[in-house]
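Worksheet for the structure shown next.
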Amino acid sequence: MIGEIAQEEENLSNPLVAVSGHLIPILSFQVGLNASMYDEDAVVEDSVNLVQFSSAREKGPKVKPQRESITALINSTSDDVEAQAVKFERIQFERSTNRKMEKFRLNVTLYAQLENGVDVQVATVKSMPISVRGRSPAHYTDDMYTGRSLPRVKSSQTLRNKMANTMRVSKSTPSLSNTKAREKMSTMTVSGSSKPTLEDLATACEIDMATL
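The opening position of the sequence shown corresponds to residue 290 in my numbering, with each subsequent residue numbered one higher.
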């Protein structure tokens with residue numbers, strides 16, 4: 290239910306909200322935080338769960354963020370320096386954005402608690418689109434994580450090892466013994482202007498001619 294705040298002319302300290310043409314006194318205000326899928330074309334955006342950790346962090350319980358109460362400052366103006374801040378601590382998205390074009394956004398909503406016991410939504414402000422990168426869904430229990438599973442990313446070292454194992458040499462490379470080759474080359478005699486043939490060099494270096 291969405292209402293519109295009004296004020297009594299005689300008593301500005303008594304805030305009212307207009308619901309279906311009736312003015313109902315407001316007892317208190319609350320601020321709520323939630324998340325949704327970013328979709329400008331959607332009338333109602335799909336919700337995305339948020340998780341709030343306790344002071345014990347991961348060892349403690351995980352709950353949905355609760356509304357925070359604030360004091361109504363109906364008489365304040367834009368020139369006033371007095372203001373109230375509401376702080377939501379240790380909040381995480383329950384899952385990350387797992388598609389290139391997928392975006393989330395945070396929504397902060399102001400609620401009014403009426404004298405008749407009904408809560409009405411007064412105003413909402415939405416954040417800019419958010420890309421979330423974080424932990425694997427396996428970090429969360431099945432009863433809390435409702436998103437899609439993400440593929441496990443292989444490390445660069447694993448990929449390098451895999452590539453090295455698949456590499457094959459098409460032709461065997463001859464091994465040369467430098468010392469032994471020099472000894473055999475020194476025993477070769479060259480008569481006149483003739484030069485050693487390729488076969489002579491291969492014999493001296495113990496290289497199979499089929500590999501040349």
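Beta carbons: idealized from backbone N, C-alpha and C, even for Gly.
Measure the beta-carbon distance from residue i to residue j and round it to whole angstroms, keeping in mind my assumption that it falls under 8 Å.
i    : j    : result
E404 : P314 : 4 Å
E503 : Q410 : With the chain covering only 290 through 501, there is no way to say anything about residue 503.
K351 : V340 : 5 Å
K392 : P418 : 4 Å
V285 : F382 : Here the chain has residues from 290 to 501 only, and residue 285 is not among them.
T398 : G321 : 5 Å
Determine the burial state of residue i: buried for a count of at least 16 other Cβ atoms within 10 Å of its Cβ, exposed for fewer.
i    : result
A324 : buried
R384 : buried
T360 : exposed
A374 : exposed
V333 : exposed
T413 : exposed
A307 : exposed
T386 : buried
A401 : buried
T486 : exposed
E488 : exposed
Mind checking who residue i pairs with in its DSSP beta bridge?
i    : result
M326 : F393
G321 : T398
S420 : DSSP, once it has assigned bridges, lists no residue as partnering S420.
K351 : F342
S385 : Answer is none; S385 lacks a bridge partner.
S336 : S325
L403 : I315
Just reading off the beta strand (DSSP E) that residue i is part of, what are its end residues?
i    : result
K415 : 408–415
S343 : 339–343
E357 : 357–359
Q373 : Where Q373 is concerned, there is no enclosing beta strand (DSSP E), given that its DSSP letter is neither H nor E.
Can you find a heavy atom of the ligand PLP that lies under 7 Å from the Cβ of residue i?
i    : result
G310 : Annotation note on the ligand PLP: not contained in the displayed structure, which lists no ligands.
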